[in-house]
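Single-structure report; data block below.
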Amino acid sequence: EVGRARERPRLLTGLTPLEVGRARERPRLLTGFTLLELLIVIGIIGILSSVTIVSYSYYNAKARLANTLRFAQNVRSALQDNMVAWWTFDETSGSTSTDNWLNGLNGRVYGAVWTEGIVNNALSFDGIDDYVDGGNAGILDVGTNDFTIELWAKANGGTYGRAIISKGGWSSIGYFISEAYSPSDKYYFGVRDSSGYKSVALNIGPSFEWTHIVGVKSNNHLEAWINGKKIGEYNGTIGSLSNSSQPLFIGKSFNNYYFNGLIDDVQIYNTALSADAIYQLYARGAQKHQPLSLQQ
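This note's numbering applies: residue 3 is where the sequence shown begins, and numbers increase by one.
Shown next, in the form of structure tokens:
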């Protein structure tokens with residue numbers, strides 16, 4: 003009886019207090035973790051997996067953009083044989099806008115001032131009397147040949163007839179990107195030959211944010227492109243656009259209707275650019291100007 007009295011006291015459950023304490027411990031799985039610990043580990047793994055997926059998506063997108071920009075540079079290099087003029091407007095002061103291509107068609111700046119642009123700097127035009135005179139060199143006189151005009155612009159509004167670029171106009175033989183007289187709030191890419199004008203609506207105006215604008219003439223066909231997308235075309239007879247007496251103006255029409263806004267990176271080619279080339283050149287400018295995002 004004394005020996006039995008020395009045994010550990012047992013509760014009504016038939017277990018000693020030590021055995022009850024052990025019974026109350028959290029059950030452990032075969033892994034050696036409790037269920038709660040295992041759930042915490044699973045949650046951490048899920049978070050790390052999400053971070054990995056997001057990081058992969060980011061770097062994958064970054065790699066695609068890098069490839070696009072490399073291709074854009076290759077496209078530009080391939081097209082330089084067909085380039086006529088390239089006004090970057092990257093100067094910061096003075097009265098000359100340098101032609102960054104071999105033909106040396108430097109423009110004379112009247113009143114326009116330099117400001118931040120799409121690619122480095124741009125020119126700001128007040129809509130009153132600012133413009134650039136690109137001269138009337140024979141190479142700008144396209145005749146019946148194919149050509150492309152490419153530029154970036156941002157418009158602050160204004161009345162009808164204001165031209166972003168013009169060598170001729172609605173009533174003068176040549177080519178242009180300009181507001182119409184009616185409707186007076188829309189911009190067009192157009193040409194005029196001896197029989198009249200032919201044009202394609204750009205579906206922008208009178209005000210718009212930074213926009214990539216391309217006008218293409220191929221034989222008797224016109225195309226207008228906005229931010230890398232074709233938005234209209236014209237098919238019909240197009241005669242000679244020769245107008246040797248008319249200078250090329252940036253920021254005004256031939257009959258003195260002045261553009262109010264910013265213009266950057268104006269280029270003229272003596273060929274009809276392809277859809278791929280147009281998009282890649284748009285991608286280059288959009289990437290350089292951080293607030294812009296590429297449109298697909």
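Every residue gets a Cβ at the ideal spot worked out from N, C-alpha and C, and that includes glycine.
| request: Can you check DSSP and say which residues form a bridge with residue 281? | output: Position 279 of the sequence shown, counted from the start, is the residue given in the question as residue 281. Paired residues: none, contrary to the question.
| query | Going straight from the alpha carbon of residue 155 to that of residue 44, what length do you get? | reply | Position 153 of the sequence shown, counted from the first residue, corresponds to residue 155. Position 42 of the sequence shown, counted from the first residue, corresponds to residue 44. For residue 155 and residue 44, the distance between alpha carbons rounds to 53 Å.
| message | Considering just the uninterrupted stretch of the beta strand (DSSP E) at residue 299, what are its terminal residues? | response | Residue 299 lies beyond the range of the chain shown here (3 to 298); nothing can be said about it.
| Between which two residues does the beta strand (DSSP E) carrying residue 164 extend? | Reading the sequence shown from its first residue, position 162 is the one you call residue 164. Residue 164 -> no beta strand (DSSP E), and no H or E assigned at all.
| Between the C-alpha atoms of residue 204 and residue 233, what's the straight-line distance to the nearest angstrom? | In the sequence shown, counting from the first residue as 1, residue 204 sits at position 202. In the sequence shown, counting from the first residue as 1, residue 233 sits at position 231. Taking the straight line joining both Cα atoms gives about 7 Å.
| message | Which residue marks the beginning of the beta strand (DSSP E) containing residue 191, and which one marks its end? | response | Position 189 of the sequence shown, counting from 1, holds the residue named residue 191. According to the DSSP assignment, residue 191 belongs to the beta strand (DSSP E) that extends over 189-195.
| field | Closest by C-alpha distance to residue 94, when choosing among 88, 244, 117 | value | On the sequence shown, residue 94 is found 92 positions in, with the first residue counted as 1. Of the listed residues, the one whose Cα sits closest to residue 94 is 117.
| Three-state class that DSSP yields for residue 248 in the structure shown | Position 246 of the sequence shown holds residue 248. Note: residue 248 maps to coil in three-state DSSP.
| Can you give the beta carbon distance from residue 217 to residue 191, rounded, assuming they're within the 8 Å contact cut? | As a working note, residue 217 is residue 215 in the sequence shown. As a working note, residue 191 is residue 189 in the sequence shown. Indeed they touch by this definition, with Cβ atoms about 3 Å apart.
| Opposite residue 262 in the DSSP bridges: which residues? | Walking along the sequence shown from the start, residue 262 turns up at place 260. Per DSSP, 128.
| Counting pairs of Cβ atoms below 8 Å between the segment 177-192 and the segment 267-281, do you hit three or more? | By the Cβ test, the segment 177-192 is not in contact with the segment 267-281, since fewer than three Cβ pairs between them sit closer than 8 Å.
| message | On the CB-based measure, 16 or more other CB atoms within 10 Å of its CB, does residue 278 come out buried or exposed? | response | Position 276 of the sequence shown, counted from the first residue, corresponds to residue 278. With fewer than 16 other Cβ atoms from the protein chains shown falling within 10 Å of its own Cβ, residue 278 counts as exposed.
| query | Does the segment 121-141 come close enough to the segment 91-111 to have 3 or more Cβ pairs within less than 8 Å? | reply | Contact between the segment 121-141 and the segment 91-111 is present: 3 or more CB-CB pairs across the two stretches fall below 8 Å.
| query | Under a three-way DSSP split, which group does residue 183 fall into? | reply | For the purposes of this step, residue 183 is identified with residue 181 of the sequence shown, where counting begins at 1. Coil, per DSSP.
| task | Would you identify the three-state DSSP class for residue 233, choosing helix, strand or coil? | result | By 1-based counting over the sequence shown, the position of residue 233 is 231. Reduced to three states, the DSSP call for residue 233 is strand.
| request: Have a look at residue 143 and residue 174 and give me their C-alpha separation to the nearest angstrom. | output: Counted from its first residue, the sequence shown places residue 143 at position 141. Counted from its first residue, the sequence shown places residue 174 at position 172. Straight-line Cα distance between these residues: approximately 13 Å.
| field | Residues that DSSP places opposite residue 178 in a beta bridge | value | By one-based count along the sequence shown, residue 178 stands at place 176. Residue 178 pairs with 168, 192.
| field | residue 71 versus residue 86 - alpha carbon distance | value | One-based indexing of the sequence shown puts residue 71 at position 69. One-based indexing of the sequence shown puts residue 86 at position 84. Here the model assigns residue 71 a pLDDT of 48, short of 50, so the residue's position is not dependable and the matter cannot be decided.
| query | According to DSSP, is residue 135 helix, strand or coil? | reply | The sequence position of residue 135 within the sequence shown is 133, counting from 1. It is a strand residue.
| message | Between residue 248 and residue 169, how many whole angstroms is the CB-CB distance? I'm expecting something under 8 Å. | response | Reading the sequence shown from its first residue, position 246 is the one you call residue 248. Reading the sequence shown from its first residue, position 167 is the one you call residue 169. At roughly 6 Å, the Cβ-Cβ gap stays under 8 Å, so residue 248 and residue 169 are in contact.
| task | May I ask you to list the residues that DSSP assigns as paired with residue 269? | result | Looking up residue 269 in the sequence shown gives position 267. Answer is 88, 152, bridged to residue 269.
| task | Give the secondary structure of residue 114 by DSSP, where H, G and I count as helix, E and B as strand, and everything else as coil. | result | Looking up residue 114 in the sequence shown gives position 112. Coil, per DSSP.
| field | Pick from 263, 193, 102, 282 that is closest to residue 129, judged by C-alpha positions | value | Within the sequence shown, residue 129 is the residue found at index 127, counting from 1. Of the candidates 263, 193, 102, 282, the residue whose Cα lies closest to the Cα of residue 129 is 263.
| Spatially closest choice to residue 254 from 196, 265, 246, by CA coordinates | For the purposes of this step, residue 254 is taken as the residue at position 252 of the sequence shown. The candidate whose alpha carbon is nearest that of residue 254 is 265.
| task | Helix, strand or coil for residue 101, going by three-state DSSP, please let me know. | result | As a first step, residue 101 is located in the sequence shown; it is residue number 99 there, counting from the start. In the structure shown, residue 101 sits in a strand (DSSP, three-state: E or B).
| request: Round the Cβ separation of residue 166 and residue 261 to the nearest angstrom and send it over; I've been treating them as touching at under 8 Å. | output: By one-based count along the sequence shown, residue 166 stands at place 164. By one-based count along the sequence shown, residue 261 stands at place 259. Rounded to whole angstroms, the Cβ separation of residue 166 and residue 261 is 6 Å, and the two are in contact under 8 Å.
| query | What's the gap between the Cα of residue 159 and the Cα of residue 209? | reply | Locating residue 159 in the sequence shown gives position 157, counting from the first residue. Locating residue 209 in the sequence shown gives position 207, counting from the first residue. Their Cα atoms are separated by approximately 4 Å.
| request: Report the three-state DSSP secondary structure of residue 46 (helix, strand or coil). | output: In the sequence shown, residue 46 corresponds to position 44, counting from 1. DSSP places residue 46 in the helix class (H, G or I) of the three-state scheme.
| Among 88, 82, 132, which residue has its Cα nearest to the Cα of residue 97? | If you number the sequence shown from 1, residue 97 lands on position 95. Ranked by Cα distance from residue 97, the first of 88, 82, 132 is 132.
| Nearest to residue 84 (by Cα), restricted to the options 202, 206, 147, 47 | In the sequence shown, counting from the first residue as 1, residue 84 sits at position 82. It is 147.
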